[in-house]
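In what follows, a single structure is set out as C-alpha cells and then discussed.
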Amino acid sequence: MRRNARLAVLAAVAVLAYLASRLGCAAAAAPLSPPSPLHPLGAGPLGRDAACMLARSAWGSVEALLAGLAAGGAVLVASAAAGVSNAAWRLVAAVEALLAGMPRLALLMLLSLLLLLEPWQAGLLMGALAGVQSARAVASRARQLAREPYVEAAYAVGAGRLHVLARHILPGLGSVIAAQASLAASAAVYAQTGLAMLGLGSGAPSWGSYLALLLATPGALAAPAGLLQLGAGLGLVAASAYLVYWALLPADEGAA
Amino acid sequence: MRGRRLLAAAAEALAGVLLVAAVSYLAARVGLGNPLAGLGEAGALPGAARRGLEEVYGLREPLLRGLAGYLYSLIHGVGGPSLYYGGADSLHLALMGMARTLPVVAAASLASAVAAAAWVVGVGDSVPAPIRGLGFLPGYFYAALLAASSWATGWPEPVPCSCASKALAYFLVVFAAMWPRMLHTLSSLIRDAGGDMAGYVLAARAMGLGEPRIRARLVRAAAAPFAAQAALLAGMVLERSAVLEPLLGYTGAGSLLFTAVANADPVLAATVFTLLGGAAYLAASAGKLLEQLLDPRTAGGAAA
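Residue numbers (our numbering), protein chains in the order written: chain A, 1 to 256; chain B, 1001 to 1304.
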C-alpha cells in the first residue's frame, strides 16, 4: 500500500477513535459476565459492555500517540535543521548527551505529583524526550548531507539555508525522521498507558485507565472476561503503536 | 587521548546526575509549596520534621542556594523527612528500596546478555521477526500478565512484598523485556563488525572451524561495545521499575516512587527519583567507560 494510503488509514483510525469517545455504553449485564455474541468481550468491572468501553477509551491513547508523534517529529526536524550549522550541531550534541539518559517514565511519574497530566501532555513530553535520543544521529546525518556536492552547488547559486533545508536536507532525511518519530509515538503511548494503569494522570478515559480499573477491581483478573479484556487492552495499545510505525514506513517497505 | 575520553565520560555522568538532582529538587520544592503552607507546628507534620524539611530543602533560601544545600545534604546522607512514612529519612528509605531493586535488575540484565550471546553462538546472528517485535513491547505488558496470573493461580502471591517469589517474578519480567533487545543489539553489532572480521571468518572457515566457534569469536570481539549497550539498557530498565514494581507488587525503589507520588510525598519522590535517575546515568556512563577501557579499537583513540 502506498504511504499516502497508509497515512489516510492512520487518520481514519484517529477520527474513528475520536467519534467513539462520544459513545455512551449502556449497562450490559452483571459485572465481568462472560463474553456473548452481543458482548464479545463480556462485561467490564462496572457491568458495561467491555468492547464499547475500550472503544470509548481509545481517544485518550490515540491522543497520546499523536502528541508523541508530533513532539518527536518536531524535535527531529529541529535537529535536522541544526545540522546545517556547526554551532547548532554542537548544541544538539550537548543536549542529547545530557538528556538522552534522563529517566523518562520516572520523570513522568514525578511530574504526576505536581500536575494531573492529560494523555496528550504525557505523550508530548515523552515524545519530545524520545526524539532527543535520536537528535544527534539525525543532526549528524543532516551535516553529512549539507556537505554533498549538490547542496554546495545550491549554496553557490545563491540558495539560502532555509531553501536548502526544505529542498535538500529534510527530503533526504524523511525516512529516518519518520522511523524515529514513530518510535517516539510508541514510547509516548506506552508511557501514558503505563502511568494510567497505575491510576496516575488526569483520569481521562484511555486504554490505560480502563486497565487500571481492571487491575484495581478485586477478582477481576480471576474471571475469564477480565483476562480477555486485559489481553484486548494490551493488544490494542501494541497495535496502535505498530499502526503508526506501519503508516510511516518508507514507500518501498510498505509495498512489501 | 584515552584520559580525555575517560574524563569526558565521567563529566557526562556527573552532569546527568546533577540534572536529575536539580529536576527532583525543583519538583519537590514546587510540590512542597502547598502541603507545607498548611502544616504548621500543630498540623499533621511534626515540628521537627517541618524544620528538617526547611533545612534540607532550603525552603527559605534562593533557588540556587537551596539546590546547593540539597546536594550537600544528600552527599552527607540526609534526604529530608518523608511525609508519608512518619518523618523517616527519605534517603534511608530510598537506599533500602534500591538495595531490593538493583540486585534483581542487575541479575536479569546479566542473564539476558548471556542468553543473547548464547543464542548468537548457538543459533546465529539473525533475529527472527517475532523476537525482534517482542523487543518493542514494554516490560509492563509482562508485569500485567503476571499480575493476572497472581489472581488466577496464586503465583506470585497477590500481596506486596520483596519476597523470593516476587523477586523471581520481577526477574522474569525484566529478562523477558530485555532479552529480545539484547539479542537485537548484539546481532546488529556483529553484523556491523562483519566488514572488519570478514578476513578472519574466511580464514577460520578455510581452517575448518565450526560456525558456532566462529560466532563465539565474533561475540568476543563485540563484547566491549555490547557491554556498553547492555549497561545503557539496564539503566533504562532500572528507571522503568517505577511502573513494573507497583504492578507486580514488588516493594523496591520503583514501588517506593509510586507510593510517594500516590500519597503526595514530594520529599520521598524526589529522593527516589534522584537515586533511580542517577543510577541510570551512572550505568550508562559505566558502560561507556568499560568500552573505552576494554576495546582496543577505541582505547587507542583510533576509532571516531
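We treat Cβ as the ideally placed atom computed from N, Cα and C, and that holds for glycine.
Predicted, not measured: the structure shown is a model, and the values here were computed from it.
Checklist entry - Comparing the C-beta of residue 194 of chain A with each C-beta of chain B, is any distance below 8 angstroms? => result yes
Item to check | Close Cβ partners of residue 99 of chain A (< 6 angstroms) along its chain, the five nearest in sequence each way excluded | outcome: 132
Item to check | Stretch pair the segment 118 to 133 of chain A + the segment 64 to 73 of chain A: three plus CB contacts closer than 8 angstroms | outcome: yes
Next on the checklist: Please classify residue 1245 of chain B as buried or exposed, where buried requires at least 16 other C-beta atoms within 10 Å of its C-beta.
Outcome noted: buried
Item to check | Buried versus exposed, by CB contacts within 10 Å (16 or more), residue 163 of chain A | outcome: exposed
Next on the checklist: Contact defined as beta carbons within less than 8 angstroms: I believe residue 207 of chain A pairs with residue 54 of chain A. What is the distance between those atoms, to the nearest angstrom?
Outcome noted: 7 angstroms
Next on the checklist: Three Cβ pairs or more, each shorter than 8 angstroms: is that satisfied between the segment 150 to 167 of chain A and the segment 1200 to 1219 of chain B?
Outcome noted: no
Checklist entry - Are the C-beta atoms of residue 210 of chain A and some chain B residue less than 8 angstroms apart? => result no
Checklist entry - Opposite residue 1161 of chain B in the DSSP bridges: which residues? => result B:1250
Checklist entry - So, helix, strand or coil for residue 119 of chain A, using DSSP? => result helix
Next on the checklist: Within the continuous alpha helix (DSSP H) that includes residue 1130 of chain B, where are the two ends?
Outcome noted: 1129 to 1134
Item to check | residue 1029 of chain B - partner residues in DSSP beta bridges | outcome: Paired residue(s): none; residue 1029 of chain B is not in a bridge.
Next on the checklist: Quick check: the segment 1211 to 1227 of chain B against the segment 1179 to 1192 of chain B, are at least 3 beta-carbon pairs closer than 8 angstroms?
Outcome noted: yes
Checklist entry - What runs of the alpha helix (DSSP H), each 4 residues or longer, lie entirely inside the segment 1040 to 1105 of chain B? => result 1047 to 1057 and 1063 to 1075
Next on the checklist: Cβ closer than 7 angstroms: which chain A residues qualify as neighbours of residue 1024 of chain B?
Outcome noted: 110
Checklist entry - Is the CB of residue 1015 of chain B under 8 angstroms away from at least one CB in chain A? => result yes
Checklist entry - Based on the DSSP secondary-structure assignment, which residues constitute the bridge partners of residue 1196 of chain B? => result Note: residue 1196 of chain B sits in no beta bridge, so no partner.
Item to check | Contact the segment 1069 to 1077 of chain B vs the segment 1228 to 1241 of chain B: 3+ CB pairs below 8 angstroms | outcome: no
Checklist entry - Which residues share a DSSP beta bridge with residue 1005 of chain B? => result Paired residue(s): none; residue 1005 of chain B is not in a bridge.
Item to check | Outcome for residue 1276 of chain B when other beta-carbon atoms lying within 10 angstroms are tallied against a minimum of 16 | outcome: buried
Item to check | Cβ neighbour criterion (16 or more within 10 Å) applied to residue 18 of chain A | outcome: exposed
Item to check | As assigned by DSSP and simplified to three states, the class of residue 1191 of chain B | outcome: helix
Checklist entry - Cβ of residue 165 of chain A within 8 angstroms of Cβ of residue 84 of chain A? => result yes
Item to check | Between the CA atoms of residue 75 of chain A and residue 1081 of chain B - distance to the nearest angstrom | outcome: 39 angstroms
Next on the checklist: Quick check on the burial criterion: 16 or more other C-beta atoms within 10 angstroms. Buried or exposed for residue 287 of chain A?
Outcome noted: Absent from the structure is residue 287 of chain A, since the part of chain A shown begins at 1 and ends at 256.
Next on the checklist: Using the three-state DSSP reduction, which class does residue 2 of chain A fall into: helix, strand or coil?
Outcome noted: coil
Next on the checklist: Against chain A, with Cβ distances strictly below 8 angstroms, would residue 1157 of chain B count as a contact?
Outcome noted: no
Checklist entry - Taking only beta-carbon atoms, is residue 1281 of chain B less than 8 angstroms away from chain A? => result yes
Next on the checklist: Is the beta carbon of residue 1144 of chain B closer than 8 angstroms to that of residue 234 of chain A?
Outcome noted: yes
Item to check | Rounded straight-line distance, which links the Cα of residue 1182 of chain B to that of residue 1257 of chain B | outcome: 27 angstroms
Checklist entry - In chain A, which residues lie less than 7 angstroms from residue 1240 of chain B when you measure between Cβ atoms? => result 105
Next on the checklist: I'd like to know whether the C-beta atoms of residue 1052 of chain B and residue 1059 of chain B end up nearer to each other than 8 angstroms.
Outcome noted: no
Checklist entry - Just the Cα atoms here: how many angstroms apart are residue 20 of chain A and residue 51 of chain A? => result 11 angstroms
Next on the checklist: For residue 27 of chain A, count the other beta carbons within 10 Å of its own beta carbon; 16 or more makes it buried, fewer makes it exposed. Which is it?
Outcome noted: exposed
Checklist entry - How would you list, in chain order, the residues of chain B whose beta-carbon sits under 7 angstroms from the beta-carbon of residue 134 of chain A? => result The contacting residues do not exist; residue 134 of chain A stays about 14 angstroms from chain B at best.
Checklist entry - Among residues of its own chain, excluding the 5 on either side of residue 203 of chain A, which ones have a beta-carbon nearer than 7 angstroms to its beta-carbon? => result 209
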